[in-house]
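**Student:** Note that UniProt numbering has the sequence shown beginning at 1, numbered continuously upward.
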Amino acid sequence: MNTQMNASRVVPRPDVPPGMAPLGAAPTQLTPLVYVPQPYRVPVPAANSAINDIRYGLRSPNFGLRVEAVEKLVDLLPQQLLSEENAFVDALRAKKDSPVVADALKDAIDFLSLVVTSGDTHLLLNVEKTATIAKYFNALGRVVENGHLLGDIDEERQAEIEALKNEIREIAEQLTDYNDSQKEMEAAVKKLEEAKAELASRLEESEERCQVLKDKETELTEMVGEIARETNVAVREMESELSMQKETLKTMKIEIQEAESRQKRDSEEKEDLEEEVDELRKTVEKQEETLSLAYRNINKLEERNADSEERVIELEKIASGASDAVSKLKSDLARAEMNLSAKEAEVAELKKEFEKSRVKSRREAAVAEERLKELEDIACKVGEKLKQKVMALESELSQKTAENDALRADEVKSAQELDRLKFQLEKTEEALLAELEKDERSEDEEFEREIYELHEELLKKDAEISELRAQLDKTPEGYVKEPTNLNELLKLVNTYTALYKQRI
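1) Between which two residues does the alpha helix (DSSP H) harbouring L76 extend?
2) DSSP three-state label for L436, please.
3) Tell me whether S442 sits in a helix, a strand or coil according to DSSP, three-state version.
4) Exposed or buried, which one is A406 when buried takes at least 16 other CB atoms within 10 Å?
5) Put S327 into one of helix, strand or coil per three-state DSSP.
6) Assuming Q263 and F354 make a contact with CB atoms under 8 Å, what is their CB distance in whole Å?
7) Quick check on L82: does DSSP put it in helix, strand or coil?
8) Inspect the beta-carbon positions of K343 and E269 and report whether they are closer than 8 Å.
9) Quick check on this structure: which residue in N297, K330 and L329 has the alpha carbon closest to the alpha carbon of I318?
10) So the candidates are I451, R362, N52 and N62; which of them puts its Cα closest to the Cα of K135?
11) By the three-class DSSP mapping on this structure, what secondary structure does S60 have?
12) So S414 packs on L199, CB below 8 Å; how close in whole Å?
13) Check whether the region 386–394 and the region 221–228 touch, using three or more Cβ-Cβ pairs below 8 Å as the test.
14) Just checking my contact of residue 505 with L58 at CB under 8 Å: how many whole Å lie between their CB atoms?
15) Taking N404 as the reference, which of V143, A195 and D215 has the closest Cα?
16) Answer with buried or exposed for V359, where buried requires no fewer than 16 other C-beta atoms within 10 angstroms of its C-beta.
17) Grab me the residues of K400's own chain with a C-beta within less than 7 Å of its C-beta, minus the 5 sequence neighbours each way, in chain order.
18) Within 10 angstroms of the Cβ of R362, are there 16 or more other Cβ atoms? Answer buried if so, exposed if not.
19) Using CA atoms only, rank isn't needed, just tell me which of R209, E456, A259 and A294 is closest to S320.
20) Kindly give me the distance between the Cβ atoms of V74 and F137, rounded to whole angstroms, as I take these residues to be in contact under 8 Å.
21) Compare the beta carbon distance of A102 and L140 with 8 Å and say whether it is the shorter of the two.
22) CA-CA distance, N166 and F63?
23) Out of V233, C210, L203 and L242, point me to the one whose CA is closest to V367's CA.
24) If you reduce the DSSP assignment to three classes, tell me which class A26 lands in.
25) Measure the alpha-carbon distance for Q211 versus L220 and round it to whole angstroms.
26) Less than 8 Å between the C-beta atoms of L329 and V284, yes or no?
27) For the putative contact between F423 and A131, defined by C-beta atoms under 8 Å, what is the C-beta separation to the nearest angstrom?
28) Would you report the Cα separation of L280 and A259, rounded to the nearest angstrom?
29) Pop quiz: E276 and A336 are said to be a contact at Cβ under 8 Å. What is the actual Cβ separation, rounded to whole angstroms?
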């Protein structure tokens, strides 16, 4: 194997920036000191579908399906991580049938079963893990290239393959732990969501209760207003009735005063009539005295019989005139007595009417006073009842207000608790995102560092190989046996490296 063979292995990479030599190329003056390649990432949907097919294929009892699953996983790996001439991959794609390939394929199936049966697709989406799988296939390719069975290879190769398997086991355990932590985080997030939903339902329930209390408060306020209006109407009606009763009493008092004034006038008229009757009686008595005096004079005249007839006639005329006057006075006295009796009867009637009206007025006044007292008692009772009802409504309103304040305080506490849980959830999400980003950055940085170290190591190996090839070109023919395969070439390189170090 010569320099042209090694040069033919260098395949230009499309993702290598200008001035950067690909892996395996000799260093140039344009090669930068630090190269950080972009990490290879497999599209997630395609990877999920392919890994599901690979998982089912590896579990299939059909050997052909298991081989196809291995081929699919090899195709899924980044090709720049595999060696250019991987004997196992070439034999797998060429469908070669040999004991060495069958033994390697059996070990690859077991190894890949360990990879994909963890149930996590991140195993092929992470660069570090795909690099480990690629290292395993590269080691398996060297074993197939040498034509050895896995049981016949040296301890160093077996240790390398076992180390890769152990590394995959550790990665699978890490992924299991990661999945457990993810499940715990999802459970915590689910609990937070449930608590959030419960708080939201409690907040909604408290809002509904507050609305019900507000409606009750409005209803109670309207009821108090209606009772106040009804009370005002009843009080106004009672006041109007009381005013009417007062007017009635006032009217009755005026009528009583008028009746008393009429009675007083009648009594004055009666006194006047009595005085007039007394005067008439006195006049009659005077006339009777005069008549008796005349009769005495007549008797005296008759006794004396001394007067003349003319005197007698005159005296008779005087006596007749006196008798006429006396009769007239008697008739006047009779009329006066009749008038007096009529006036007395009228006065008696007026007294009876006055007594009746006074009794009636007193009865009506007593009834009015009783009605007034009843209305006042009713007003007092209604006022007491209204006061009690208003006090009960006020106490109920204060109780509802206290309950409303308590509900509002609970609502505020619930809102604060919800805000605190939201803040904790945000902090937890931020911490998880930061941890995930940190893990991704650390994995990417570690993979990039490994790629860079591999690149530097390959550059050094290429430089050593170039130097050794130059020395080999200077070595006389027949001095050293020309290597025929990669193992002999590596042994020769190691030998000359040791000699070169001893010389230095």
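For each residue, glycine too, the CB sits at the ideal point set by N, CA and C.
**Tutor:** The answer reads as follows:
1) F63 to L76
2) helix
3) helix
4) exposed
5) helix
6) 5 Å
7) coil
8) yes
9) N297
10) I451
11) coil
12) 6 Å
13) yes
14) With the chain running from 1 to 504 in the structure shown, residue 505 is simply not present.
15) D215
16) exposed
17) L213, K216 and E217
18) exposed
19) A294
20) 7 Å
21) no
22) 25 Å
23) L242
24) Low local confidence applies: a pLDDT of 40 at A26 is under 50, so the model's placement there is unreliable, with the coordinate-based value given in what follows. Note: A26 maps to coil in three-state DSSP.
25) 14 Å
26) yes
27) That pair is no contact at about 40 Å.
28) 31 Å
29) 7 Å
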